[in-house]
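**Q** Letter by letter, the sequence shown follows residues 158 to 456 of our numbering. From the three backbone atoms N, C-alpha and C, an ideal C-beta is built for every residue, glycine too.
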Amino acid sequence: MRALFIATLLLCIASGASGVVAAAQEKSIDGRFDVGGRFIRLSCKGTGRPTVVVDAGMGTAPVEDAGWRAIAAQVEPVTRVCLYDRAGLGQSDPAQPGPRSSLNAAHDLHAALSAAGVPRPYLLVGHSVGGLHAQVFAAQYPADTAGLVLVSTTHPDQFSTWLALLPASAPGEEKAVTEARSFLTSVQTDPTRNEERLDMHASALEAHQLTSLGRKPVVVLTHSPRFRMIPGLSEPIAVRLEDATQRMQRQFLSLSTNARQNVAERAGHGLPHEAPAFVVDGILQGVAAVRGHPLRRRD
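(1) By alpha-carbon positions, which one of Phe-196, Arg-237, Asp-222, Met-215 ends up nearest to Ala-252?
(2) Could you tell me whether the Cβ atoms of Ser-309 and His-430 are closer together than 8 angstroms?
(3) Quick check on the DSSP output: the beta strand (DSSP E) that includes Asp-191 runs from which residue to which?
(4) When the Cα atoms are used, what is the spatial distance from Pro-374 to Glu-331?
(5) Output needed for Asp-187: all residues of its chain with C-beta closer than 7 angstroms, excluding positions within five of it in sequence on either side, in chain order.
(6) Measuring alpha carbon to alpha carbon, tell me which residue in Pro-254, Ala-273, Glu-422, Thr-335 is nearest Gly-389.
(7) What is the rounded straight-line gap between the Cα of Val-437 and the Cα of Ser-326?
(8) Do Arg-354 and Arg-257 come within 8 angstroms of each other at the CB atom, strictly closer than that value?
(9) Answer with buried or exposed for Ala-421, where buried requires no fewer than 16 other C-beta atoms within 10 angstroms of its C-beta.
(10) According to the neighbour-count rule (16 or more other Cβ atoms, all chains shown, within 10 Å of its Cβ), is Asp-242 buried or exposed?
(11) Using the Cα positions of Val-344 and Pro-207, report the straight-line distance between them to the nearest angstrom.
(12) Let's test the definition: count the other Cβ atoms within 10 Å of the Cβ of Glu-392 and tell me whether it reaches 16, buried, or not, exposed.
(13) Can you tell which of Gly-304, Asp-250, Ala-218 has the C-alpha that lies nearest to the C-alpha of Leu-240?
(14) Please classify Ser-369 as buried or exposed, where buried requires at least 16 neighbouring CB atoms within 10 angstroms.
(15) In whole angstroms, give me the CA-to-CA distance for Gln-182 and Val-275.
(16) So what does DSSP say about Asn-261, is it helix, strand or coil?
(17) Looking only at C-alpha atoms, which of Leu-322, Ala-395, Leu-281, Ser-285 sits nearest to Pro-299?
(18) Mind checking Gly-216: buried by the 16 CB within 10 Å criterion, or exposed?
(19) Starting from Gln-231, trace the beta strand (DSSP E) in both directions and tell me its first and last residue.
(20) Specify the secondary structure class of Ser-200 as computed by DSSP and reduced to three states.
(21) List the residues that DSSP assigns as beta-bridge partners of Ala-416.
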């Protein structure tokens with residue numbers, strides 16, 4: 158009997174110890190994870206479901222970015238939050254040679270999360286082009302996606318819409334319009350014009366595959382309508398482009414029957430650094446919605 162008692166006690170102690178180790182592993186993950194011969198940097202803190210996963214804007218490595226780290230610090234007391242650096246950024250290995258698309262980024266992220274053992278489902282937070290990647294991730298891995306928080310996110314039709322709205326002629330501002338047209342054309346056709354060699358045209362087509370998330374929450378965080386995405390244009394042309402941008406932002410609400418839009422009063426496209434509290438609030442709204450509290454629509 159005494160031997161049985163001791164054995165049972167030791168088993169309980171061992172089980173408790175393994176539980177502590179598991180809890181510690183759940184609370185903090187920080188490393189480089191194999192995604193098929195390359196390694197992607199991933200850092201996760203906090204506990205709880207859903208897991209918030211941040212996909213930052215072009216050229217930003219959020220694991221070491223002060224703005225995103227500060228946002229994550231406000232989220233981790235509520236639930237687990239992960240920052241990751243896309244291929245070629247921060248401590249992540251470079252991508253394979255040649256242009257990449259959002260599909261490549263989505264596959265890398267899914268592989269890194271799986272390799273690290275990060276619990277599903279994921280509430281994806283995408284800023285700018287990171288939001289384009291998040292849409293593709295949701296289309297590719299619907300069972301692993303809890304919802305989306307789209308932070309001044311690139312719309313799949315954004316650049317083509319802007320290009321179509323530029324006037325054929327603009328007396329007195331030919332140079333500004335010509336430069337804008339050249340920029341928008343190259344963004345869609347020449348991946349070497351951006352630091353991540355991202356094929357924006359292919360990425361836009363991939364993002365269009367996401368048509369509905371059903372009741373999964375979608376929180377749309379939009380920059381101020383007073384912000385001008387393309388500098389140098391006259392106010393009438395700039396307003397025309399921004400009006401279209403705001404319409405495209407509202408279109409994201411159609412992705413879910415459980416969606417909400419929050420519009421910043423003063424901040425521009427760089428919401429994570431210009432209005433971090435606004436971003437934190439939107440993320441926490443998404444977390445609450447995943448946990449069963451429907452979003453109160455404001456559109």
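**A** On the basis of the data shown:
(1) Per the Cα distances, Phe-196.
(2) The criterion of a C-beta distance shorter than 8 angstroms is not satisfied by Ser-309 and His-430.
(3) For Asp-191, the enclosing beta strand (DSSP E) covers residues 185 to 191.
(4) A direct Cα-to-Cα measurement between Pro-374 and Glu-331 gives close to 44 angstroms.
(5) Closer than 7 angstroms at the Cβ level, and outside the excluded window around Asp-187, lie Ser-200.
(6) Checked all of Pro-254, Ala-273, Glu-422, Thr-335; the closest Cα to Gly-389 is Thr-335.
(7) Rounded to the nearest whole angstrom, the CA to CA distance from Val-437 to Ser-326 is 43 angstroms.
(8) Contact check for Arg-257 against Arg-354 passes: the beta carbons are separated by less than 8 angstroms.
(9) Answer is buried; the Cβ neighbour count reaches 16.
(10) It is buried - the Cβ of Asp-242 has at least 16 other Cβ atoms within 10 Å.
(11) Cα to Cα, the separation comes out at about 34 angstroms.
(12) Using a 10 angstroms sphere on the CB of Glu-392, the tally of other CB atoms stays under 16, which defines it as exposed.
(13) Of the candidates Gly-304, Asp-250, Ala-218, the one whose C-alpha sits nearest the C-alpha of Leu-240 is Ala-218.
(14) By the Cβ-count criterion, Ser-369 is exposed, with fewer than 16 other Cβ atoms from all chains shown falling within 10 Å of its own Cβ.
(15) Any reading at Gln-182 needs caution, since the residue's pLDDT is 45, under 50, leaving its predicted position unreliable; the model's value is listed next. Gln-182 and Val-275: Cα-Cα distance of roughly 10 angstroms.
(16) Collapsing the DSSP output to three states places Asn-261 in a helix.
(17) If we check each option's Cα against that of Pro-299, Leu-281 comes out closest.
(18) Flag for Gly-216 reads exposed.
(19) Element bounds for Gln-231: not the beta strand (DSSP E) but the alpha helix (DSSP H), 223 to 232.
(20) Ser-200 falls in the strand class under three-state DSSP.
(21) Val-375, per the DSSP bridge assignment.
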